[in-house]
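Contents: one structure, followed by commentary.
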Amino acid sequence: EIVTMGISSPQICNPSNTVGTYVPPSQWNALLQDPNVLVIDTRNQYEIDIGTFKNAISPHTDSFREFPPWITHLSSQQQQQAQESAKECNSVAAAPKSRAVAMFCTGGIRCEKATS
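Heads up: the sequence shown begins at 336 in the working numbering, then just goes up one per residue.
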């Protein structure tokens, strides 16, 4: 395994079976500029320190093994915020919708694993 995520179950993380949607370069800038898209940089912190896209979220990881717990925590936060918004709006229909997520990395391996 070239880039290990620390997940031994192929049912949980298997880019051969499930992977996110590939975005052509011609559409990437539009995603970056869309305020409804959550952009996540899946690279390690030392790579992000060199440069990243504006408004991209850094998981502040030193190893890709730290990514699964981070994304689980982020997902929990997003769900909690959505529930709180729905309560404030007194209507699920009026609550904000889930945000699209765009992930990027250097060579594609981390992105494929992160979206699987």
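For glycine and all other residues, C-beta sits at the position ideal for the given N, C-alpha and C.
Small disclaimer: the values here were computed from a predicted structure and weren't measured.
Between Leu366 and Ile392, the C-beta gap is not smaller than 8 Å, which leaves the two residues out of contact. Assigned with DSSP and collapsed to three states, Phe399 falls in helix. For Asp384, there is no enclosing beta strand (DSSP E); the enclosing alpha helix (DSSP H) has its first and last residue at Gln380 to Ile385.
With fewer than 16 other Cβ atoms inside 10 Å of its own Cβ, Pro370 counts as exposed. Shortest Cα-Cα distance from Met438 to any of Gln412, His408, Asp397 and Phe402 involves Phe402. Per DSSP, reduced to three states, the secondary structure at Ala365 is helical. DSSP links Phe439 through a beta bridge to Asp376. Secondary-structure assignment with DSSP links Ile392 through a beta bridge to Ile375. In the three-state scheme derived from DSSP, where H, G and I count as helix and E and B as strand, Thr356 is classed as coil.
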